[in-house]
Amino acid sequence: MRLVISMVKHICFYTVLLFCMMSFAQDVSISSRFSQEGKLYKNVDETKNQLTKPIASFKEGQKCIVIAYLGNDNYKIQFKDWVGLVTIEDLEVNDAIEDLYFDFQDKEHERRIQEEEARRQKLYQIVNKDKIEKEKRRLDSIAKVEAAERKRIA
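Put into structure tokens, the structure is as follows:
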């Protein structure tokens, strides 16, 4: 029972920690240029990993600011007065953009680990429900006996 409580506390702690890190993270601002002529898009169709709704056009060599990596080789950028999406093929990749990619991969890996841990914990609780309840009743009985003993002594 104590193991279960300890595991739940750890999961909650790491979830809150991850949330705080993501909430207070500074916005990314990486200077880059376009590697080819293309379009800036408003949305991404995640089922097809296809950018949709063009909002602006750009030419090769024009400056832009990379704001975020969204996964699947899609980046959120600022170009002139627009904020939109492009693919990696549209950008001149530099070390900072590569670091952004690897940071995203690390966070995704950590998220998957936490999801797997939560899934295992839930499965453990389902499989061992009777044992957990029996242990809880045993500990409650011990606590009642100890409380009665303290009352008797006092």
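All letters in the sequence shown, in the order written, are residues -25 to -1, 1 to 129 by mature numbering (1 follows the signal peptide of the UniProt record, and there is no 0).
Positions of the beta carbon are idealized from the N, C-alpha and C atoms, including for glycine.
Please go through the same chain and pick out, in chain order, the residues whose beta-carbon is closer than 7 Å to the beta-carbon of residue i, but skip the five residues on each side of it.
i	result
residue 151	Absent from the structure is residue 151, since the part of the chain shown begins at -25 and ends at 129.
residue 79	44 and 46
Counting only the same chain and skipping the five closest in sequence on each side, list residues whose C-beta sits under 8 Å from that of residue i.
i	result
residue 27	16, 17, 18, 19 and 20
residue 32	12, 13, 14 and 15
residue 34	9 and 12
By the three-class DSSP mapping on this structure, what secondary structure does residue i have?
i	result
residue 70	helix
residue 48	coil
residue 95	helix
residue 55	coil
Which residue comes first and which comes last in the alpha helix (DSSP H) that contains residue i?
i	result
residue 105	104 to 128
Excluding the 5 residues preceding and the 5 following residue i in the sequence, name in chain order all residues of the same chain whose CB lies nearer than 6 Å to its CB.
i	result
residue 36	8
residue 118	none
residue 30	15, 17, 57 and 59
Along the beta strand (DSSP E) that carries residue i, what are the first and last residues, could you check?
i	result
residue 32	25 to 33
Quick one: what's residue i bridged to in DSSP?
i	result
residue 38	8
residue 19	26
residue 61	50
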